[in-house]
Structure formats: C-alpha cells, structure tokens
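Student:
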Amino acid sequence: MRTCSFGRVILLCLAIFLAGVNLTCRRKSPQQTDVDKPEPNAPSGSDVNAPSKPAGEEVAVTVDGVEIKENEVIDLIGPQLDKIDQQGAKLPPSVAQQYKKQLREQALEQLIRRQLLDEKIKQANIVVTEEEVTSQINEIASAQNMSLEEFAKTMEQYGRNVEQVRQDVRKALSRNKFMEAQWAGKIDVTEEEAKKYYDENKKRFDVPEQVRASHILIQYELDDPNVDPNETKAKAKAEIQDLLQKIKDGADFAELAKAHSDCPSAPKGGDLGFFPRGETTPQFEKAAFELQIGQVSDIVETEYGYHIIKLTDHKDASVVSFEQAKDDIVKQLTETKQLEFAEKYISSLKANAKIDFPFKL
C-alpha cells in the first residue's frame, strides 16, 4: 500500500494530469517500454515526418491561439532522440522512425494538456511560494533517503538542474492546488468501498516471513588479469576466518563490520534490515533463515565474496487486517479517484479547445 516515492504531488501533476507521459522525470535511455506507446488520444495531426531536431522557433501546435514551439518539444524528448540516433545500425531505420514518432506524439499531447491546464491556473490566480517549493523538494529528497546534494545529482541524470527542478515543482504544486480546488467535496471513499477492495485483493495484505540480519562481507577479485585469483581468494578466506574467530572470542560484531566489511552496510554495523525470502542470493538466504536470533553463521560464500551473518530479528508470516489496512486503502482509493477526476477534467478542456497543427499527415 505504498504510494509513489516521489510524492503524491509529483505523481498527480506530472504523471497523470499531463497525459500520463512522464518524459521530464525519466532516465535518459534508448530502451522503450509500454509507457512509450502512443496514448489512445495522442494528436493525430502530428507530423510523422517532422525532423527529430527542427528549428526551435517553428510552431509545433497552437492551443486556443497560444503557440507551442518545436524547441519545447525537443526539451521533452531531445535526450531520447539522441539515444535513438546513437543506436545507429542497431535499430532498423523504420523502427527508429517509429520510436521518434511515438515520442513526438507523446510530447505534443503533454504540452497541449499543460497549456490547457496552465491557462486555467493563470485565470484562477494560483500562487505558490518559494517556501512551498523548498518544502516539497525537501520532502521528495527525504522520501528517497537522499540529501539535497544527492537529489540534485540524481536529477542531473534526468537532465534537470536545480533551477529547472524548482520550476518543475513550482508548476506541479500550482497544478495540484488548482485540481484540489476542482475536486473539493466531490470525491469520497466509503468504508464499504474500502472493505470491498480489501476482500478482492487479500493476497496483497499477506506479509511473508522476514528476518533481519547483519553481515560482514570480504570480497575477492577474480576478473583482474594482474591478480592471481587463487591467491586473492585465499587471502579473503584467511581474513574472514580471522574475523569469525574474533567473533567467537567475544568481539563486537557491529564494530568488526564497520572496520572490515566491504558492503555499503558497513557504517551501520552490517545491518541489512528486514527482508523476505527471494530477495538475496540462495546461499545467503538459506544461512540467514536457518539462524536463531543472536546466532552467528559459519562462513558463507556467494557470488559477492565471503560472509559472516548474524540474525538480529525475525517476523513470522502474517496477514494485515482490514482495520490495520483501512486508512491506507482509503488513501489509495481516494488518490485513484482524484487521478480519474483529473483525467476527465483535462480531457474535457481538450475536447472544447481549438487545437491546430501546422504539419499534417
């Protein structure tokens, strides 16, 4: 029952209000997935043969007399177009052209919806303060367990600098405020609806058996041609054996993990948190689930190296009751209704708008 980790505001405003085309918040990748398929209501008048990088000032579409330029289209899909071009001979020309056509149609659909909604927001005089923008960015970064610096670097991978991110969030917040005003008093989820959802999706509320473990990892290098693999493996084995003996002699497991483990969990004393079966290597899983709380394993070898595992907690399989899940279910169903409301609202704006494409099929 977990919502989008980037926060409800961004989910609502960027993913759904703008036609479900989240091109501005997607990693630059040449790989295309189902999200890249044209929307059923994508603009049919878009030019199939429009160049991938036309002159920026050419008009791509007009929406109620407002011109949307080609450079705005490229701002959304430029990185994806570049990646397609970089594929070169790996993609047949017809496939590459089809991908470009799909991306262009999606971008135009998104820009049309943005313009329609933003015009309504302008008329409503929606105000978003800098404090609200900063607070939302802090919330997004926190939800990702990132510092602001780490979040900024991550956004750069999506082609967005700090000021662009602030502008994205500012616009998202204004759209969210506007839509909240539209659906105020019109959306409700009854307890009967929540119970019906619970009864129809009971498997989603099954919680599998979980263990919490800490470990010490000593890695060895087998792929370096300048290193004897037998020698480096033997050295790692000797080190892990020495650490295991120290643990048996009473040394503190967490302190040894902090000082010697090659895993990123080392600063936390090797703590991996809770995990169910199926989320780690078979050898590690078997050893961890066979331990008793407080017990330390013998040496376990996996593809990552040598491990010593300590079990620190255990949870039996359980079922989340309706009473426990009700608030989350109501929240999820409410957000689903909000998304549906927003989609209908935007579609109605589009149906009543005058939309002209300079390029025709």
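Using our numbering, the first residue of the sequence shown is number 723, and each one after it goes up by one.
We treat Cβ as the ideally placed atom computed from N, Cα and C, and that holds for glycine.
1. Decide if SER983 is buried, meaning its Cβ has at least 16 other Cβ atoms within 10 Å, or exposed.
2. Using C-beta distances below 8 Å, list every residue in its chain close to GLU779, excluding the 5 sequence neighbours before and after it, in chain order.
3. Can you tell which of LYS823, GLN802 and LEU833 has its C-alpha closest to the C-alpha of ILE1077?
4. Taking only the alpha-carbon atoms, compute the straight-line gap between LYS918 and LYS1048 and give it to the nearest angstrom.
5. So what's SER1004 in DSSP terms, helix, strand or just coil?
6. How about VAL933 and PHE997: are their beta carbons less than 8 Å apart?
7. Apart from the five residues on each side of it in sequence, which residues of its chain come closer than 6 Å, Cβ to Cβ, to ALA976?
8. Could you tell me which whole beta strand (DSSP E) segments of length 3 or greater appear in the region 917 to 986?
9. Got a sec, what are the start and stop residues for the alpha helix (DSSP H) LEU1061 sits in?
10. Can the beta-carbon of THR1003 be found closer than 8 Å to that of THR1024?
11. Taking only three categories from DSSP, how would you classify THR876?
12. So, LEU798 versus ALA829, is the Cβ gap smaller than 8 Å?
13. Whole-angstrom Cβ separation of LEU839 and LEU825, contact assumed at under 8 Å?
14. Kindly indicate if chain B contains any beta-carbon less than 8 Å away from that of ASP807.
15. To the nearest angstrom, how far is the alpha carbon of LYS970 from that of MET868?
16. DSSP state of ASP804, grouped into three classes?
17. Could you give the distance in angstroms between the alpha-carbon of THR954 and the alpha-carbon of THR1058?
18. Here's the rule I'm using: 16 or more other beta-carbon atoms within 10 Å means buried, otherwise exposed. How should SER896 be labelled?
19. Report the CB separation of ARG892 from VAL949 in whole angstroms; it is logged as a contact under 8 Å.
20. Run through DSSP, which three-state label would LYS823 get?
21. Could you have a look at PHE997 and say whether DSSP puts it in helix, strand or coil?
22. Helix, strand or coil for ALA782 per DSSP?
23. Report the residue ranges of all beta strand (DSSP E) runs contained in full by the region 1004 to 1034; include only those spanning at least 3 residues, in chain order.
24. When you compare only the Cα positions, how much space is there between TRP905 and VAL781?
25. Is DSSP giving LYS1041 helix, strand or coil here?
26. Between the Cα of ASP786 and the Cα atoms of PRO814, ARG836 and LYS823, which residue gives the shortest distance?
27. At what residues does the alpha helix (DSSP H) containing VAL855 begin and finish?
28. Can you round the beta-carbon distance between ILE848 and LYS899 to whole angstroms, since I take them to be within the 8 Å contact cut?
29. Shortest alpha-carbon distance to GLU852 belongs to which of LYS822, GLU831, VAL887 and PHE1006?
Tutor: From the atom records:
1. When all chains shown are included, SER983 counts as buried.
2. Excluding five sequence positions before and after GLU779, the CB atoms of its chain that fall closer than 8 Å to its own CB belong to LYS791, GLU792 and ASN793, given in chain order.
3. With distances taken between Cα atoms, ILE1077 lies closest to LEU833.
4. Each residue's alpha carbon lies about 11 Å from the other.
5. Here residue 1004 turns out to be Pro, not Ser, going by the sequence shown. Correct three-state label for PRO1004: helix.
6. In contact: VAL933 and PHE997 (Cβ atoms closer than 8 Å).
7. These residues qualify, in order along the chain: GLY991.
8. DSSP assignment within the region 917 to 986 yields the following whole beta strand (DSSP E) runs of 3 residues or more, N-terminal first: 932 to 940.
9. LEU1061 -> alpha helix (DSSP H) spans 1044 to 1073.
10. The criterion of a C-beta distance shorter than 8 Å is satisfied by THR1003 and THR1024.
11. Under the three-state reduction of DSSP, THR876 is assigned to helix.
12. ALA829 is positioned such that its CB atom lies closer than 8 Å to that of LEU798.
13. With 8 Å as the limit, LEU839 and LEU825 do not qualify as a contact, their Cβ atoms being about 21 Å apart.
14. Given the protein chain composition of this structure (a single chain), no chain B is represented.
15. In this structure, the straight-line span from the alpha carbon of LYS970 to that of MET868 is close to 37 Å.
16. Three-state DSSP puts ASP804 in a helix.
17. CA-to-CA, the gap between THR954 and THR1058 works out to about 54 Å.
18. By the 10 Å Cβ count, SER896 comes out buried.
19. Contact between ARG892 and VAL949 is absent: CB atoms are separated by about 52 Å, not below the 8 Å threshold.
20. Correct three-state label for LYS823: helix.
21. Three-state DSSP puts PHE997 in a strand.
22. DSSP places ALA782 within a strand segment (E or B) once states are collapsed to three.
23. Runs of the beta strand (DSSP E) inside the region 1004 to 1034: 1022 to 1024.
24. So the two alpha carbons sit approximately 34 Å from each other.
25. It is Val, not Lys, that sits at residue 1041 in the sequence shown. VAL1041: strand per DSSP, three-state reduction.
26. Of PRO814, ARG836 and LYS823, the residue nearest in Cα terms is ARG836.
27. Counting along the chain, the unbroken alpha helix (DSSP H) around VAL855 starts and ends at 852 to 865.
28. Confirmed, Cβ separation roughly 5 Å.
29. Taking the Cα of GLU852 as reference, the smallest distance to any Cα among LYS822, GLU831, VAL887 and PHE1006 is reached at VAL887.
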